[in-house]
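2 protein chains.
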Amino acid sequence: LLGLCGAAGMAIAASSAGTDLVTLQQAAATLKSTRPTAVDLGHAIDRALQLAASVDEHARADALWDLCEAMLREQAESDAALGRHGASLLAGNVLTHCNTGPLATGAGGTALAAIIEAFRSGRLERCFATETRPLLQGARLTTWELQQAGVPVTLLPDTAAASLIRSGEVTAVMTGADRIAANGDTANKIGTSGLAIAAAYAGIPFYIVAPTTTVDLHGPDGAAIPIEFRNAAEVGGFGGLRWSPGGVDAYNPAFDVTPAALIAAIVTERGIARPPYRESLLAFVDGGGS
Amino acid sequence: LLGLCGAAGMAIAASSAGTDLVTLQQAAATLKSTRPTAVDLGHAIDRALQLAASVDEHARADALWDLCEAMLREQAESDAALGRHGASLLAGNVLTHCNTGPLATGAGGTALAAIIEAFRSGRLERCFATETRPLLQGARLTTWELQQAGVPVTLLPDTAAASLIRSGEVTAVMTGADRIAANGDTANKIGTSGLAIAAAYAGIPFYIVAPTTTVDLHGPDGAAIPIEFRNAAEVGGFGGLRWSPGGVDAYNPAFDVTPAALIAAIVTERGIARPPYRESLLAFVDGGGS
Chain F
21 LLGLCGAAGM AIAASSAGTD LVTLQQAAAT LKSTRPTAVD LGHAIDRALQ LAASVDEHAR
81 ADALWDLCEA MLREQAESDA ALGRHGASLL AGNVLTHCNT GPLATGAGGT ALAAIIEAFR
141 SGRLERCFAT ETRPLLQGAR LTTWELQQAG VPVTLLPDTA AASLIRSGEV TAVMTGADRI
201 AANGDTANKI GTSGLAIAAA YAGIPFYIVA PTTTVDLHGP DGAAIPIEFR NAAEVGGFGG
261 LRWSPGGVDA YNPAFDVTPA ALIAAIVTER GIARPPYRES LLAFVDGGGS
Chain E
21 LLGLCGAAGM AIAASSAGTD LVTLQQAAAT LKSTRPTAVD LGHAIDRALQ LAASVDEHAR
81 ADALWDLCEA MLREQAESDA ALGRHGASLL AGNVLTHCNT GPLATGAGGT ALAAIIEAFR
141 SGRLERCFAT ETRPLLQGAR LTTWELQQAG VPVTLLPDTA AASLIRSGEV TAVMTGADRI
201 AANGDTANKI GTSGLAIAAA YAGIPFYIVA PTTTVDLHGP DGAAIPIEFR NAAEVGGFGG
261 LRWSPGGVDA YNPAFDVTPA ALIAAIVTER GIARPPYRES LLAFVDGGGS
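Protein sequence lines correspond, in order, to chains F and E.
Residue 310 is where the first sequence ends in the numbering used here, and the numbering goes up by one at each step.
Residue 310 is where the second sequence ends in the numbering used here, and the numbering goes up by one at each step.
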């Protein structure tokens, strides 16, 4: 969805601010700076810029709106493939984190597409969804999307994930990704790395489901991934409700990096990458692979 | 504090419901059933029952109130000793979970007593406090108590704990305990085991600070510890605010069990127990040891 929004932002800029390349380059820089961790946003904006530079100035706005529609169709096809590949890894009950459904991608979703497909094909019984503090995407969005899809869902506090994983109730943990480095280190919603560590401790697999556009081969490993830190006000309350005293500092990174060594597989729309990721991801991202 | 409340509950029962032993035994059973995981509650109630049985019926109510005052004095001495022993393990920054301060024990606290003592003695710079969903004791109580004590405090979502631990910003994780089995397996607030697993992964020590009354030598290991499951309504909202859709099931255990193998030390008021805990705890609980 960030990529689609980036492309739409470029089309809006061309329609309202101007179609000269300097204006579009300024719009691109502004749009990119809004979410430094996610790689899909930058990819889509670069694609829009290249398209704009390749057509006459008077045709740029139409071309950028056509690009948005093409990207929506591509997204639907990619998400359906992610769902099919990811579903093949699931059985019994799964735990997921944050929101990775239609509300997150604009089409079928990533990890949630796989979870819904696994339920529909009879492989999966139930999805456990973390609340995902501080913005509660799991409690607000994932529960709702799974209800809409008819998948039995159980909500849990983020604090309960480790004991659930150790209880034997779930056979796998599956999440999306915001950026995957060339070695497989993966940035995703804050809390993901803790789930991966708990899964490794319990001996159950941890899976990433993400399109190849999320893979950043220019980033060698997780240390090179910029992490967005967000407003302290998101911690210590929610919405209009405050539950912590005033004047308290907060540590509020939006993402964390899960080491590749904790990831059993990275599911892409082109197939399932297994360790070592430096080779398996390269094959998919370069257009090779299954 | 649960122990003090249990003793006070017995004194209240004797003052209001009756001082015959059958009435007091019924009160004891009711009070014990309110919190099945915490062992301090049962210890205190058994102590009150034994005292009641050892004095004449007309003297029982006064004796039980005297017991409450004696237990408050004992608590203050015990917490002060916990603070001294626990502080010796800390340096730099520490991460804690839930609330273990004066509001939790009625006197100085357990882990928080150690953290405050370590700050006052110049060993500690800052305490990171988890929000501790679903009841947010860390966000509501621990931040406030540390502010009152003048200790610099940073609040974080539970989801951010694993990345903070891996960042090198904290040198240790220190929490309290609700029940410690004979082998050192420890039940504490939900989320504790996830922190201990993350600390082990990052190679920093995880410490428990709890009085010897928390040790249940009759419980051989964590599998024997009963875990209280709480109302699903606590998940998916807080206070009057709801953020998840209706009709969602919830997984809401109040406690989890941290395996003894993940615990670097168990700090008691009688000294610091190190693995193997079956021997080291026995020495302290039987009244031996330093």
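For each residue, glycine too, the CB sits at the ideal point set by N, CA and C.
8 angstroms Cβ shell around residue i - same chain, five flanking residues per side excluded
i	result
Asn208 (chain E)	His117, Cys118, Thr195, Gly196, Ala197, Asp198, Ile228, Phe275, Asp276 and Thr278
Ala81 (chain E)	Ala31, Ala34, Ser35 and Thr39
Glu189 (chain E)	Asn113 and Phe148
Ala202 (chain F)	Val235, Asp236, Leu237, His238, Gly239, Pro240, Asp241, Tyr297, Arg298, Leu301 and Leu302
Leu110 (chain F)	Ala134, Ile135, Ala138, Arg143, Leu144, Thr191, Ala192 and Met194
Ala72 (chain F)	Met30, Ala34, Thr39, Leu41, Leu44, Arg80, Ala83 and Leu84
Inter-residue Cα distance where the pair is residue i and residue j
i	j	result
Ala34 (chain F)	Leu44 (chain F)	7 angstroms
Gly54 (chain F)	His63 (chain F)	The identity of residue 54 (chain F) in the sequence shown is Thr, whereas the question assumes Gly. Computed Cα separation, rounded: 14 angstroms.
Ser74 (chain F)	Arg298 (chain F)	33 angstroms
Ala131 (chain F)	Ala230 (chain F)	7 angstroms
Val173 (chain F)	Ser98 (chain E)	45 angstroms
Gly29 (chain F)	Leu22 (chain E)	57 angstroms
Arg140 (chain E)	Leu175 (chain E)	20 angstroms
Leu92 (chain E)	Ala47 (chain E)	21 angstroms
Ala83 (chain E)	Ala49 (chain E)	20 angstroms
Pro154 (chain F)	His78 (chain E)	56 angstroms
Leu51 (chain E)	Ala68 (chain E)	12 angstroms
Gln168 (chain E)	Gln168 (chain F)	47 angstroms
Thr57 (chain E)	Phe226 (chain E)	21 angstroms
Ser108 (chain E)	Ala107 (chain F)	51 angstroms
Trp85 (chain E)	Leu184 (chain F)	42 angstroms
Ile224 (chain F)	Ile224 (chain E)	23 angstroms
Identity of the residue in the options nearest residue i by Cα
i	options	result
Gly121 (chain E)	E:Ile136, E:Leu109, E:Gly112 and E:Ser108	E:Ile136
Glu254 (chain E)	F:Gln168, F:Asn113 and F:Pro177	F:Pro177
Gly26 (chain E)	E:Val42, E:Gly112 and E:Asp66	E:Asp66
Thr234 (chain F)	F:Met91, F:Leu61, F:Thr152 and F:Ala181	F:Leu61
Gly70 (chain E)	E:Val42, E:Glu94 and E:Leu92	Gly is not the amino acid found at residue 70 (chain E); the sequence shown has Gln there. The shortest C-alpha separation from Gln70 (chain E) is found at E:Val42.
Val171 (chain F)	F:His78, F:Arg160 and F:Leu144	F:Leu144
His105 (chain F)	F:Thr212, F:Ala48 and F:Gly129	F:Gly129
Arg186 (chain E)	E:His78, E:Thr212, E:Ala222 and E:Ala68	E:Ala222
Val59 (chain E)	E:Asp76, E:Ala220, E:Phe226 and E:Ile200	E:Ile200
Thr152 (chain E)	E:Ser183, E:Leu123 and E:Ile210	E:Ile210
Thr179 (chain E)	F:Asn272, F:Ile224, F:Asp76 and F:Pro225	F:Asn272
Own chain partners of residue i with C-beta closer than 6 angstroms, once the 5 adjacent residues on each side are dropped
i	result
Ile286 (chain E)	Ile228 and Ala293
Ser300 (chain F)	Ala293 and Arg294
Ala133 (chain E)	Asp99, Leu102 and Gly103
Gln157 (chain E)	Cys118 and Asn119
Cys88 (chain F)	Ala27, Ala28 and Ala31
Gly126 (chain E)	Leu21, Leu24 and Gln95
Ala280 (chain E)	Asn203, Gly204, Asp205 and Tyr297
Arg146 (chain E)	Asn113 and Pro172
Ala37 (chain F)	Thr43
Leu123 (chain E)	Leu161
Ala220 (chain F)	Leu282
Beta-carbon proximity list for residue i, same chain, < 7 angstroms, skipping 5 on both sides
i	result
Thr232 (chain E)	Thr288, Glu289, Arg290, Phe304 and Val305
Asp269 (chain E)	Ala252
Ala181 (chain E)	Leu115, Thr150, Leu215 and Ala218
Ala90 (chain E)	none
Ser213 (chain E)	Asp276, Val277 and Thr278
Gly309 (chain E)	Below a pLDDT of 50, predicted positions are generally treated as unreliable, and Gly309 (chain E), at 42, falls in that range; the measurement from the model is reported next regardless. Cβ within range, chain order: Arg290, Gly291 and Ala303.
Asp76 (chain E)	none
Contact list for residue i against chain B, beta-carbon separation under 7 angstroms
i	result
Val193 (chain F)	Protein chains F and E are contained in the structure displayed, whereas chain B is not.
Supposed contact pair residue j and residue i - C-beta distance, whole angstroms, cut 8 angstroms
i	j	result
Ile283 (chain E)	Ala218 (chain E)	The pair is not a contact, with the Cβ atoms about 14 angstroms apart (cut-off 8 angstroms).
Ala159 (chain F)	Gly256 (chain E)	5 angstroms
Worksheet item: Is the region 235-251 of chain E touching the region 243-250 of chain F, taking contact as three or more C-beta pairs under 8 angstroms?
Response: no
Practice prompt. Report yes or no: do the region 264-273 of chain F and the region 159-169 of chain E share at least 3 C-beta pairs separated by less than 8 angstroms?
Written response: yes
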